[in-house]
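Residue numbers (the numbering used here): 432 to 692.
Using N, Cα and C, we set each Cβ at its ideal position, and we do this for glycine too.
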Amino acid sequence: MTPPTLMKLENISFTYETSPVLENLSMSIEEQDFVGLIGPNGSGKSTLLKIMGGILKSDTGSIRFKESPVSKINKKLFAQSVSWIPQDHPMVFPFKVSEIVLMGRHPYLSPLSFESKEDFEISQRAMETTMTAQFSDRYFNEISGGEKQRVMIASALAQNPEMMLLDEPTAALDLKYQVQILSILKNLNAEHKMTLILAMHDLNLASRFCNRLILLNEGQIVRDGPPQQVLKKDILEQVYGVEVDLDSKDGNIRVHPAIRS
Ligand code: ADP
Ligand code: MG
Numbered sequence: 432m433t434p435p436t437l438m439k440l441e442n443i444s445f446t447y448e449t450s451p452v453l454e455n456l457s458m459s460i461e462e463q464d465f466v467g468l469i470g471p472n473g474s475g476k477s478t479l480l481k482i483m484g485g486i487l488k489s490d491t492g493s494i495r496f497k498e499s500p501v502s503k504i505n506k507k508l509f510a511q512s513v514s515w516i517p518q519d520h521p522m523v524f525p526f527k528v529s530e531i532v533l534m535g536r537h538p539y540l541s542p543l544s545f546e547s548k549e550d551f552e553i554s555q556r557a558m559e560t561t562m563t564a565q566f567s568d569r570y571f572n573e574i575s576g577g578e579k580q581r582v583m584i585a586s587a588l589a590q591n592p593e594m595m596l597l598d599e600p601t602a603a604l605d606l607k608y609q610v611q612i613l614s615i616l617k618n619l620n621a622e623h624k625m626t627l628i629l630a631m632h633d634l635n636l637a638s639r640f641c642n643r644l645i646l647l648n649e650g651q652i653v654r655d656g657p658p659q660q661v662l663k664k665d666i667l668e669q670v671y672g673v674e675v676d677l678d679s680k681d682g683n684i685r686v687h688p689a690i691r692s
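This is how it looks when you write it as structure tokens:
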């Protein structure tokens, strides 16, 4: 039985200035999907996430969230349901970790109202889930890259969304922190039924953590399916323009750039 559709995109096109970035793109995201959005630099991953998160508006086509056209959903309600985590998060003002997580509650506050006990409790739980509670009093500017990324996830989680869109959440992190972030996300997906879409570059990690990969190239979906069906030698070589070796001894796929002497 296929799970219900959470978000449906139909014929989405988008152009920043002159050259088209996304062309006639259609796809459905099902509840509890854990999608790795992969593809070369410039293939349109960030743009697609911004359109799904309502940050950018597509030039053509439609997006539905649980059957309702996103254009007709109240902005605040949509912000409660879908959270987008940008790739870089410039934080100019010195906020404490706990304050940033609490900001995730903003879509629930009415103008001029203060955070309630419930808002603090939800933020606390979000920090515990992301292992950020132990440094909640520290300033965001003064924590490491891996810790910052977990704080951003905690803040998104405090929003209590049904779907999270993450733009390269593991970029610039060492292997240990990449795995830590992906494990936190995997737990959210499995235990909290969170639907996740992650732009990412590491094809091996993507194939181990995601149940579905969407491969973008030049603004179009080249392949969409379970990792074994998407990570094919011929397709990767064509899209990335580099020879690759693939092995799958134990069911895990490994992609290596081929080094020929
Ligand atoms: P990816 O995230 O896969 O690297 P992007 O969605 O960031 O791809 O970019 C897709 C294309 O859109 C690229 O050619 C990029 O140069 C262009 N682009 C991205 N952001 C902007 C922008 N703000 N203004 C103009 N062009 C942009
Ligand atoms: Mg990008």
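With burial defined as no fewer than 16 other Cβ atoms inside 10 Å of the residue's Cβ, what is the status of residue i: buried or exposed?
i: K579; result: buried
i: F465; result: buried
i: N472; result: exposed
i: D598; result: buried
i: F445; result: buried
i: F640; result: buried
i: Q565; result: exposed
i: K507; result: exposed
i: S477; result: buried
i: S679; result: exposed
i: P600; result: buried
Quick check on residue i: does DSSP put it in helix, strand or coil?
i: V673; result: coil
i: R569; result: coil
i: Q590; result: coil
i: R639; result: helix
i: D550; result: helix
i: F509; result: helix
i: G577; result: helix
i: Q463; result: coil
i: N442; result: strand
i: A630; result: strand
i: S489; result: coil
i: N618; result: helix
i: K527; result: strand
Please look up how many angstroms separate the CB atoms of residue i and residue j, rounded, as I've assumed it's under 8 Å.
i: V670; j: A689; result: Incorrect: roughly 15 Å between the Cβ atoms, too far for contact.
What are the partner residues of residue i, as DSSP defines its beta bridges?
i: V455; result: Residue 455 is actually Asn in this sequence, not Val. Bridge partners of N455: none, in fact.
Is the region 494-502 touching the region 660-675 in the sense that three or more CB pairs, one from each, lie closer than 8 Å?
-> With contact defined as three or more Cβ pairs closer than 8 Å, the region 660-675 and the region 494-502 are not in contact.
Indicate whether the contact test is met: 3 or more Cβ pairs, each with one atom in the region 451-464 and one in the region 434-442, closer than 8 Å.
-> Note that the region 451-464 touches the region 434-442; at least 3 beta-carbon pairs, one per stretch, sit closer than 8 Å.
Just checking, does the region 512-529 make contact with the region 564-576 on the three C-beta pairs under 8 Å criterion?
-> By the Cβ test, the region 512-529 is in contact with the region 564-576, since at least three Cβ pairs between them sit closer than 8 Å.
So does the region 477-488 actually touch the region 549-561, counting three or more Cβ pairs closer than 8 Å?
-> Touching, no.
Okay, do the region 613-633 and the region 587-595 touch, 3+ Cβ pairs below 8 Å being the bar?
-> Contact between the region 613-633 and the region 587-595 is present: three or more C-beta pairs spanning the two stretches fall below 8 Å.
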